[in-house]
Amino acid sequence: MICNLHSFFQQGHYEIRAYNGSLHAGEVRSQIVLALAISNAAMTKKYCSPHVSQSDNMRYSFRVWLLNLGLIGDEFKNCRTHLLKHLEGDIAWRHPEDGIAARAKLKEKRELERQAAREQRVELVSDNSTQVENVPEEHIEPSESECDEFEEEFEMSM
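Right, here's the structure in full:
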């Protein structure tokens, strides 16, 4: 962003001339909200560090900075999305290796849950088969050969 401080010293306000990229309402609103959040932080913060921080994941660092500015919650979700969409990196993890390890762990956990669910279904099916064995023979459905015999007898009678 380019900040024009000439008007600040003369008239008590400042200008930020930085946005001419799009007419998309969400992107324009995001830039305005960002400028307001920066100016609010400049007025309310007690101190700031002059050191430029180095980051290997700019998307994560920018997201954390936006959250520190106060752009938290569903109200600012769209703004964060527009501001972060052009940056590379993992938004949830500072170091990419941590994200890869977490995804692998989650995948393993889901696979174990699926396997447990399959085993539970097999147990339910085996429980049902033991219940069928205890049913009196008159209530058991006929086999295919018995059905075929019945169909032949039925056709002959017609």
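In terms of our numbering, the sequence shown opens at residue 153 and continues consecutively. Even for Gly, the Cβ is constructed at its ideal location relative to N, Cα and C. Computed from a predicted model, the values in this text were never measured in an experiment.
| task | Under 8 Å Cβ to Cβ from TRP245, same chain only, skipping five residues before and after it: list those, please. | result | The answer, listed in chain order, is ASN209, TYR212, GLY251 and ALA254.
| said: I need the straight-line Cα distance from GLU240 to GLU275, nearest angstrom please. | reply: If I take the Cα positions, the gap works out to 47 Å.
| task | With a 10 Å radius around its C-beta and 16 neighbouring C-beta atoms as the bar for buried, classify HIS234 as buried or exposed. | result | The residue in question, HIS234, is buried, as its Cβ has 16 or more Cβ neighbours within 10 Å.
| request: For the alpha helix (DSSP H) holding CYS231, just list the boundary residues, first then last. | output: It spans 229-236 - the alpha helix (DSSP H) in which CYS231 sits, taken as one unbroken run.
| Rounded to whole angstroms, how far is the Cβ of ARG270 from the Cβ of LEU236, which I believe are closer than 8 Å? | Under the criterion of beta carbons closer than 8 Å, ARG270 and LEU236 do not qualify as touching, at roughly 39 Å.
| message | Quick check: what's the CA-CA separation for ALA268 versus LYS259? | response | Computed Cα separation, rounded: 14 Å.
| task | Express the C-alpha separation of SER201 and ARG262 in angstroms, rounding to a whole number. | result | For ARG262 and SER201, the distance between alpha carbons rounds to 43 Å.
| Apart from the five residues on each side of it in sequence, which residues of its chain come closer than 6 Å, Cβ to Cβ, to THR196? | If we look at THR196 and ignore the five residues flanking it on each side, it has no Cβ neighbours.
| For GLY225, which residues from the same chain have a beta carbon less than 8 Å from its beta carbon, with the 5 sequence-adjacent residues on both sides left out? | Excluding the 5 residues flanking it on each side, GLY225 has no same chain C-beta neighbour closer than 8 Å.
| message | If the criterion is Cβ atoms closer than 8 Å, does the pair LEU221 and ALA194 meet it? | response | The answer is no: Cβ separation not under 8 Å.
| message | Alpha carbons only, please: which of ARG232, GLN183 and ILE168 is nearest the one belonging to SER174? | response | Taking only the C-alpha atoms, the option nearest SER174 is GLN183.
| Where does the unbroken alpha helix (DSSP H) through GLY178 begin, and where does it stop? | 177-196 is the span of the alpha helix (DSSP H), which, as asked, contains GLY178.
| field | First and last residue of the uninterrupted alpha helix (DSSP H) at ASN220 | value | 210-221 is the span of the alpha helix (DSSP H), which, as asked, contains ASN220.
| said: If distances are taken between C-alpha atoms only, which option among HIS165, ILE168, GLU301 and VAL185 comes closest to CYS231? | reply: The option with the nearest alpha carbon to CYS231 is VAL185.
| message | Tell me the DSSP secondary structure of ILE168 in three-state form. | response | In the displayed model, ILE168 falls within a strand according to three-state DSSP.
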